[in-house]
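The opening position of the sequence shown corresponds to residue 817 in this note's numbering, with each subsequent residue numbered one higher. Built from N, CA and C at the ideal position, the CB exists for glycine as well. Structure, as structure tokens:
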Amino acid sequence: MNNSVTNTARLLWAGLRALLVLTVVTGVIYPLAVTGIAQALFNGKANGSEIKSDGKVVGSSLIGQSYNLPLKKGQETPDPDLKWFQGRPQNGLGANSVNTQYKLLLSGATNLSADSKVLLQQVKDAKAAVVKDNSVPGYTVRASQVPADAVTSSGSGLDPDISPAYADIQVHRIAEKNGLSVTQVQKLVKDHTDGRTLGFIGEPTVNVLELNIALKSLVTKS
């Protein structure tokens, strides 16, 4: 009987020591080591790839934002604020209906098939809007110029980047709305175009938030 109690106590103590050691190693030492390495070597990425403007965090380079006018009375969908570069459509996003303290956008795709009539109509409407919004006196956007990313949302609905082609067809409208020259805005787009990763992976992109921050700075100086 005594041997049984002694063995049980010994096993319990051994198990408790193993629990304490593993808790310290996996719950304290490992997280601190990973956090320390991340902060030392990848500080920006570890902290959410924040983008700052005038000393304040205004967003993340990984998450797209909307540039819309305030909703008018009776209006359900806001109009785009055309003095800013516009990002990809966000058709896949939904509105949070549970939390009433603050609004939360739900990330997601439209889940519509390629032959969906709803999707086809969305693309047609989006293309017509892109042509209309970006055609200004002396410059007309043709439907054939509109790239795919201008009329389709990404898988997450939160793509922060657009193609250089989509940025280019917005240049004349941006110049007119902000009292800038086309050359100034074209240079702005060129300066904020990122090439392929490692020179061969993916396609060139333009981060819309970073581009609009640079645009704001240029307008202020002009």
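Pairwise C-alpha distance: residue j and residue i
i: Asn979; j: Leu885; result: Correcting the residue identity first, residue 979 is Ser in this sequence and not Asn. Computed Cα separation, rounded: 23 Å.
i: Ser969; j: Asn907; result: 6 Å
i: Gln1002; j: Ala1030; result: 12 Å
i: Gly934; j: Ala925; result: Looking at the sequence shown, residue 934 is not Gly but Val. Roughly 14 Å between the two C-alpha positions.
i: Val874; j: Ser865; result: 11 Å
i: Gly973; j: Ser882; result: 11 Å
i: Leu857; j: Thr1013; result: 19 Å
i: Thr999; j: Asp1007; result: 12 Å
i: Thr1036; j: Asp897; result: 18 Å
i: Lys948; j: Lys872; result: 34 Å
i: Val840; j: Ala834; result: 10 Å
i: Lys1032; j: Val844; result: 44 Å
Cβ neighbour criterion (16 or more within 10 Å) applied to residue i
i: Thr824; result: exposed
i: Ala1058; result: One cannot answer for residue 1058 here, as it falls past the ends of the chain, which runs 817 to 1038.
i: Leu828; result: exposed
i: Arg904; result: buried
i: Leu1027; result: buried
i: Asp975; result: buried
i: Asp870; result: exposed
i: Gln855; result: exposed
Where residue i sits in the DSSP three-state scheme
i: Thr956; result: coil
i: Glu892; result: coil
i: Thr1021; result: strand
i: Lys1006; result: helix
i: Gly1011; result: coil
i: Val967; result: coil
i: Asp949; result: helix
i: Ser876; result: strand
i: Asn884; result: strand
i: Asp897; result: coil
i: Asp941; result: helix
Integer-rounded CB distance, given that residue j should sit under 8 Å from residue i
i: Ala959; j: Tyr982; result: At roughly 14 Å, the Cβ-Cβ gap does not stay under 8 Å, so Ala959 and Tyr982 are not in contact.
i: Lys899; j: Asn994; result: 6 Å
i: Val957; j: Val946; result: 7 Å
- At what residue ranges does the segment 844-872 contain a whole run of the alpha helix (DSSP H), taking only runs of 4 or more? 846-857 and 859-862
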